[in-house]
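Chemist: Please read through the structure below; I'll follow up with questions.
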Amino acid sequence: MKRVAVLISGRGSNLGALIAAARAADYPARIALVIANRPDAAGLALAEAAGITTRVIDHRPFRGDRAAHEAAIDAGLAEERIETVCLAGYMRLLTPLLVGRWAGRMLNIHPSLLPAFPGLDTHARALAAGAKLHGCTVHLVTETMDSGPILAQAAVPVLPDDDADRLAARVLAQEHVIYPLALALHATGRPARSPAPDARLLNPLPDASARP
Ligand code: GAR
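Just so you know, we're using the working numbering here: the sequence shown kicks off at 1 and counts up by one.
Next comes the structure, spelled out in structure tokens:
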């Protein structure tokens, strides 16, 4: 049973999906710690309601000293004997310090089908590009932003009347499916490319008959 920390900056809906999945007796990871870099991160309340230890490690008092902020995070992770870190809407770029320390043990969820659309505003950019498929990716974190080895992806169709909010909502529902699945696969030590236990979950396109 891996001890997992989830790092958040805001809403925490992916955190909620991980907490819900980890309630299952046979889930191979336990959410042992939630760290937020913002005291007003709504996800903190979710963690507290679930009885999970929370810490706010606000980046602002560090006045731009990213290494010192990350050292504080790393110390918090060590104190709680954390083995795996999940970034879930953690909206700060990490330096090689934390990334190197957690290499192979830090996951991120990103709202696009990487390598398409790294960075911000992915839904608006997918619409502007005329993409017909969009989605989300869980990947290992490496020094280059949004580019580490891919653990899981889910695709959704872009519909003719989509705006960024509608598309984001459809993608988010799939984020909540693949993040718990990817964490479970990672925690059990299966190679990233191993067949999924349920391929439908990794490719949750609607039936062909349901497509426009
Ligand atoms: C999610 O859509 C996640 O993929 C995205 O932020 C949102 C957080 O929502 N992450 C990034 O854009 C990271 N580059 P949540 O707080 O409700 O999980």
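Backbone N, C-alpha and C define an ideal beta-carbon position, used for all residues, glycine too.
Between which two residues does the beta strand (DSSP E) containing P157 stretch?
Modeler: For the purposes of this step, residue 157 is taken as residue 157 along the sequence shown, with counting starting at 1. 150–157 is the extent of the beta strand (DSSP E) around P157.
Chemist: Here's the rule I'm using: 16 or more other beta-carbon atoms within 10 Å means buried, otherwise exposed. How should A78 be labelled?
Modeler: The count along the sequence shown starts at 1 and reaches residue 78 at position 78. By the 10 Å Cβ count, A78 comes out exposed.
Chemist: Tell me which residue opens and which closes the beta strand (DSSP E) that V171 is part of.
Modeler: The residue given as residue 171 occupies position 171 in the sequence shown. Here V171 belongs to no beta strand (DSSP E); instead the alpha helix (DSSP H) covers 164–187.
Chemist: From the DSSP output, in three-state form, read off H110 for me.
Modeler: One-based indexing of the sequence shown puts residue 110 at position 110. Correct three-state label for H110: strand.
Chemist: What did DSSP end up calling V141 once you bin it into helix, strand or coil?
Modeler: For the purposes of this step, residue 141 is taken as residue 141 along the sequence shown, with counting starting at 1. Coil at V141, not helix or strand.
Chemist: Identify, in the order they occur along the chain, each residue of the same chain with its Cβ nearer than 6 Å to the Cβ of W215, setting aside the five sequence neighbours on each side.
Modeler: For residue 215 there is no data in the structure shown, the boundaries of the chain being 1 and 212.
Chemist: Which whole-angstrom value describes the C-beta separation of S9 and M91, a residue pair presumed to lie in contact below a C-beta threshold of 8 Å?
Modeler: The residue you call residue 9 lines up with position 9 of the sequence shown. The residue you call residue 91 lines up with position 91 of the sequence shown. Right, the Cβ-Cβ distance comes to about 4 Å (below 8 Å), so this counts as a contact.
Chemist: Give the DSSP bridge partners of T84, in chain order.
Modeler: Position 84 of the sequence shown, counted from the start, is the residue given in the question as residue 84. Partner(s): V4.
Chemist: DSSP three-state call for L120: helix, strand or coil?
Modeler: Within the sequence shown, the letter at position 120 stands for residue 120. L120 falls in the coil class under three-state DSSP.
Chemist: How about L183: is its Cβ closer than 7 Å to a heavy atom in ligand 1?
Modeler: Sequence index remark: in the sequence shown, residue 183 carries index 183 (1-based). No.
Chemist: Should A71 and L183 be called a contact, given that it needs their Cβ atoms to be closer than 8 Å?
Modeler: As a position in the sequence shown, residue 71 is number 71, starting the count at 1. As a position in the sequence shown, residue 183 is number 183, starting the count at 1. No.
Chemist: Where does the unbroken alpha helix (DSSP H) through A67 begin, and where does it stop?
Modeler: Translated into the one-based positions of the sequence shown, residue 67 becomes position 67. It spans 66–79 - the alpha helix (DSSP H) in which A67 sits, taken as one unbroken run.
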